[in-house]
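Heads up: the sequence shown runs through residues 69 to 167, numbered per the numbering used here. Structure first, then comments.
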Amino acid sequence: MLEMLRHNLIPCPFKAVTGCDCPGCGMQRSIVELLDGNFLQSLHYYPALLPLILLFVILVFHLRFQFRYGTLILKILFIFNTGLISLNFILKLLNIHWL
């Protein structure tokens, strides 16, 4: 099944029009590599994937159980993820590979 996913990734319309990677480029490949157990390769393709997964897991649990500091934790994770995605996007635009 992972081979089918690898060969049927959805093309990025932003990249098709501009020729530049969008802030989400690499996420599909990162998910496939994560499902295959290749954590380092997953981080290489899209460094923000694991923090995003953590954000959504905490969000679901906070919505269900109303943690005392859940909102604060979610805000911090959101800011961290936004910064990481922005940094990754800027480095891609400058053609600097950091992972």
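Just so it is clear, CB atoms sit at the ideal spot from N, CA and C, and this is done for glycine as well.
Pull up the distance between the alpha-carbon of P115 and that of I153, whole angstroms please. 8 Å
Can you tell me which of L162, L118, Q96 puts its alpha carbon nearest to the alpha carbon of E71? Q96
Please work out which residues of its chain come closer than 8 Å, Cβ to Cβ, to F148, disregarding the five sequence neighbours upstream and downstream, and give them in chain order. P119
Does the Cβ of V125 have 16 or more other Cβ atoms within 10 Å, making it buried, or fewer, making it exposed? exposed
Give me the Cβ distance between L102 and L117, rounded to the nearest whole Å; I'm assuming they're in contact under 8 Å. 6 Å
Where L122 and D89 are concerned, what is the direct C-alpha to C-alpha distance, given to the nearest angstrom? 24 Å
Which residues bound the alpha helix (DSSP H) around G138? 138-161
Distance CB(P91)-CB(F157) smaller than 8 Å: yes
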